[in-house]
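Structure first, commentary second.
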Amino acid sequence: MIFREHFIEWLIVLTLLAFVMYLLLGHRKLLKQISSEQKSYAGILDKQEEMQKLSQELAVQLEQEIAQRIQSDYTKEYLFENSVNAALIVQAQDLKVIKNNSASKEIFHKDMLNCNILELFADKELKNYVFEQINLLKENKIRRSFRANLTLSDKVNVPLLFTLHLFSFAEVTMIYFMVVDLSYVVCLEERLEYKRAMLMQKGKTEELGKMIGNIAHQWKQPLNSISLIAQNLKSYSLKNEEEQENYERYLGMLNTQVQFMAKTIDEFREFFKPNKEKTCFKVYEVLEETLKLFYSKVDREMNVKLRKSKGFEKVQICASKNEFQQIIIVLIENAMDAIRVRLSREEIKKGKIEIVCEKEEELPFCNIKVRDNGGGVNKELHDKVFEAYFTTKEHGSGIGLPMVNMILEQMAGKVFFVDNKNGAEFRIQNPCISETKT
Numbered sequence: 003m004i005f006r007e008h009f010i011e012w013l014i015v016l017t018l019l020a021f022v023m024y025l026l027l028g029h030r031k032l033l034k035q036i037s038s039e040q041k042s043y044a045g046i047l048d049k050q051e052e053m054q055k056l057s058q059e060l061a062v063q064l065e066q067e068i069a070q071r072i073q074s075d076y077t078k079e080y081l082f083e084n085s086v087n088a089a090l091i092v093q094a095q096d097l098k099v100i101k102n103n104s105a106s107k108e109i110f111h112k113d114m115l116n117c118n119i120l121e122l123f124a125d126k127e128l129k130n131y132v133f134e135q136i137n138l139l140k141e142n143k144i145r146r147s148f149r150a151n152l153t154l155s156d157k158v159n160v161p162l163l164f165t166l167h168l169f170s171f172a173e174v175t176m177i178y179f180m181v182v183d184l185s186y187v188v189c190l191e192e193r194l195e196y197k198r199a200m201l202m203q204k205g206k207t208e209e210l211g212k213m214i215g216n217i218a219h220q221w222k223q224p225l226n227s228i229s230l231i232a233q234n235l236k237s238y239s240l241k242n243e244e245e246q247e248n249y250e251r252y253l254g255m256l257n258t259q260v261q262f263m264a265k266t267i268d269e270f271r272e273f274f275k276p277n278k279e280k281t282c283f284k285v286y287e288v289l290e291e292t293l294k295l296f297y298s299k300v301d302r303e304m305n306v307k308l309r310k311s312k313g314f315e316k317v318q319i320c321a322s323k324n325e326f327q328q329i330i331i332v333l334i335e336n337a338m339d340a341i342r343v344r345l346s347r348e349e350i351k352k353g354k355i356e357i358v359c360e361k362e363e364e365l366p367f368c369n370i371k372v373r374d375n376g377g378g379v380n381k382e383l384h385d386k387v388f389e390a391y392f393t394t395k396e397h398g399s400g401i402g403l404p405m406v407n408m409i410l411e412q413m414a415g416k417v418f419f420v421d422n423k424n425g426a427e428f429r430i431q432n433p434c435i436s437e438t439k440t
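Mapped onto the working numbering, the consecutive letters of the sequence shown carry residue numbers 3 to 440.
Here it is as structure tokens:
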């Protein structure tokens, strides 16, 4: 009886324990589930926060890009409208102006909007040339530039520089015309050309004092001959045929000497004219003529020699003969001045100047080298040789070699300087043509 009562109690206790264990296990499982759900919820919150942050960043970036785009468009529009140069945007298909700035209205004295760009060019030949440039731009898609003089409404001829660019916008091909007024540049070019002419004339004037002695030498012998012939003519009575023949012969000699003197003074007068007219001439003939005219009498202690390569007598250049002679004279005079210094110091016994003429075999260039034994130029001064107003002479002007360099650049030629063993060598390189092209 007692066992039965205890059994029932134990059974109840065990049942309660089992129930408690069940509750504990269920609670633990519930806690794990709640913890897992909390972690998932926290992850979702983190993701939401991250997405919100990313959205905010994207919104800020989008706002900045829109602001930059608006600012960029405003800047481009501002630069286009306020450019000091004329700017026009033209449709490539029909050449209609769809946009132009205020500078274009000022330069052309009219609004070109909705007009054909070719209306700017009244001259038919110029209009055809511009149309050709536009077609080349469309074909090659390479920027084109050209200069043109336009007569505007105030009847003033204005030099302009046109630059054409091809671009596309909204699948439509456009041409951007930029026009620059070159009036000030042309004015500067004219001033520069005037100064260049004055510089050349100054160089010639400086040589005049040295060359006047050559004129006296050229005339001394003819004048002596004329004097003797005149004395001989006094003794003829023209009584017989022999005296008549001698009389006529002396008259012929007299006329020859007078013509020689006239030719000499004409050549000097031509040299001192500021003439830049281009002609085609044989280089070697002009070199011989220059040496004969200016250097027929040189110091006994100085020798000027002219040499040429085979066939050089046929070589010609197209340039100003007057300017070419000036180049040769400057180089020879510089060589003579350097030699005279060495002779005065007794560093050499005889001065030597050699002019060598060569034709490049495969290239259309001729080379003229002027060599001397005047001692050359110090290495420290090599870079200054062609600088304006630089001179190593006591009374030099420093315009000779810069003038040579400037003239040769106008001729599409070059001048080079090197020191050789005993002196200096100046080498002139100039484009040349064959004899048949004159």
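The C-beta atom is built at its ideal place from N, Cα and C for all residues, glycine as well. Since the model is a prediction, treat every value here as computed from it, not as a measurement.
Assuming contact is defined by CB atoms lying nearer than 8 Å, are residue i and residue j in contact in what I supplied?
| i | j | result |
| --- | --- | --- |
| I109 | V188 | no |
| S361 | F314 | Reading off the sequence shown, one finds Lys at residue 361, where the question assumed Ser. It is a contact, given that the beta carbons lie within the stated cut-off. |
| L162 | L128 | no |
| M114 | N130 | no |
| N375 | G425 | yes |
| I357 | V406 | no |
| R429 | N369 | yes |
| N293 | V306 | With the sequence shown as reference, residue 293 is identified as Leu, and Asn is not the correct amino acid for it. Yes, these two residues count as a Cβ contact at 8 Å. |
| I341 | M304 | yes |
| E389 | P404 | yes |
| L166 | V160 | no |
| L253 | I228 | no |
| F148 | Q135 | yes |
| G402 | V343 | no |
Leaving aside the five residues before and after residue i along the sequence, list all residues of the same chain whose C-beta is less than 7 Å from its C-beta, in chain order.
| i | result |
| --- | --- |
| C117 | V99 |
| F169 | M176, Y178 |
| F133 | L120 |
| L345 | E303, G353 |
| L85 | The identity of residue 85 in the sequence shown is Ser, whereas the question assumes Leu. Excluding positions up to five away in sequence, the list reads N103, A105. |
| K280 | C320, A321, S322 |
Using the beta-carbon count (16 or more within 10 Å), is residue i buried or exposed?
| i | result |
| --- | --- |
| A105 | buried |
| C434 | buried |
| M23 | exposed |
| A173 | Here the sequence assigns Glu to residue 173, which means Ala is not the residue at that position. Exposed. |
| R193 | exposed |
| K323 | buried |
| I409 | buried |
| Q412 | exposed |
| L190 | exposed |
| R529 | Any answer about residue 529 is impossible in this case: the structure gives the chain only from 3 up to 440. |
The alpha helix (DSSP H) that contains residue i, what's its start and end?
| i | result |
| --- | --- |
| E411 | 402-412 |
| K107 | 104-110 |
Suppose the cutoff is 6 Å on Cβ atoms and the five residues either side in sequence are ignored; what does the same chain contact list for residue i look like?
| i | result |
| --- | --- |
| R309 | V358 |
| A414 | P433 |
| D421 | G378 |
| E325 | I409 |
| R145 | H167 |
For the beta strand (DSSP E) that residue i lies in, which residues bound it at each end?
| i | result |
| --- | --- |
| E1 | Nothing can be reported for residue 1, as the shown portion of the chain is limited to 3 through 440. |
| V420 | 416-421 |
| L90 | 88-93 |
| K280 | 280-284 |
Practice task
Jot down the residue ranges of each uninterrupted beta strand (DSSP E) in the region 118-188, minimum 3 residues, whole runs only, in chain order.
Solution key: Complete beta strand (DSSP E) runs here, min 3: 146-153, 159-171, 174-183.
Handout entry: Unbroken stretches of the alpha helix (DSSP H), 4 residues or longer, contained in the region 303-369
Key = If we require 4 residues or more, the alpha helix (DSSP H) runs fully inside the region 303-369 come out as 323-346.
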